[in-house]
Amino acid sequence: MVDDRDVAAVRRQLGRAPRGLRAVAHRCPCGLPDVVETAPRLPDGSPFPTLFYLTCPRVNSAIGTLESTGMMKDMRARLAEDPELAAAYRAAHEDYLARRDKAAAEEGLEPLPRGMQSSGGMPDRVKCLHALVAHELAAPGTNPFGREALDALGEWWAEGPCCSAGPEDPAELAELDGSAGTGGPSAPATLVEEDDK
């Protein structure tokens, strides 16, 4: 069960109510959630392959800046040339699938089909640093490209919390509950990743 204060913080970070929220998978040094774990299926039964989702707007923005530098292009080139790196990235993919299957079992849900993507382009591509960083934060030491991106980020939390974690204002709660929003834990079943950069 996720604490009400954490749910409130995630609502503020996303600007809408999360769906399929299972747990806080990682906390920012400021104390707020920055990665959440979502159920592999949304409440309506639709598949949702993104198990770990970044919620902090500051780290999301910092990663967007990294993506614009061509970091993913460099990672893809090294993935194609370095068998040890490719093996570590494949192991990260297998770890992600195992964790997602475990989450499905714990929720009493049918696991997602084995052919369904894991996250971030794994195991053969690098498509979304946000997903790879979320995986590395949730399961330190598992994702080599997530670790590399984290090391390049700097201290995104240095300015303090990205939002408040206090009790929610009823008007704010009504506004968030009424928002449709896209992406993240309330996203449609089809994961949309950024085009290759």
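Sequential numbering from 1 applies to the sequence shown in UniProt numbering.
Heads up, the beta-carbon is just placed ideally off N, CA and C, and yes, glycines get one too.
Here the structure is a predicted model, which is why all the values come from computation and not from measurement.
Nearest-angstrom Cβ-Cβ length linking glycine 20 and proline 43, presumed shorter than 8 Å
6 Å
Sequence-distant residues of the same chain with beta carbon closer than 8 Å to leucine 66, five excluded per side
Leu129, Ala149, Ala152 and Leu153
Using C-beta distances below 6 Å, list every residue in its chain close to methionine 75, excluding the 5 sequence neighbours before and after it, in chain order.
Val126 and Phe145
Beta-bridge pairing of proline 47 - partner residues as DSSP gives them:
Arg41
In this structure, does DSSP put valine 126 in helix, strand or coil?
coil
Checking 7 Å against the spacing of the C-beta atoms, do proline 33 and valine 10 come in under that value?
yes
Limits of the alpha helix (DSSP H) - the one that arginine 100 falls within
83-107
Alanine 139 - DSSP class collapsed to helix/strand/coil
coil
Between which residues of its own chain and alanine 105 is the CB-CB distance below 8 Å, once the five residues before and five after are set aside?
Pro111
Option in Pro123, Glu107 and Thr69 with minimal Cα separation from leucine 97:
Pro123
Exposure label - leucine 176; buried when at least 16 CB within 10 Å
Residue confidence for leucine 176 is low, a pLDDT of 47 falling below 50, so the modelled location carries little weight and cannot support an answer.
So, for aspartate 101: in the same chain, excluding its five sequence neighbours on each side, which residues have a beta-carbon less than 7 Å away from its beta-carbon?
Pro111
Buried or exposed by the 16-neighbour rule on C-beta atoms within 10 Å, applied to arginine 114:
exposed
Does alanine 80 come out as helix, strand or coil in the three-state DSSP assignment?
helix
Do asparagine 60 and alanine 92 have their C-beta atoms closer together than 7 Å?
no
So, are the CB atoms of leucine 51 and arginine 99 less than 7 Å apart?
yes
Buried versus exposed call for threonine 55 [16 or more other C-beta atoms within 10 Å across all chains shown]
buried
On a Cα-Cα basis, can you pick out the residue from Glu107, Gly108 and Leu132 that is closest to serine 119?
Leu132
Per DSSP, which residues does proline 113 bridge with? Please list them.
Proline 113 is not bridged to any residue.
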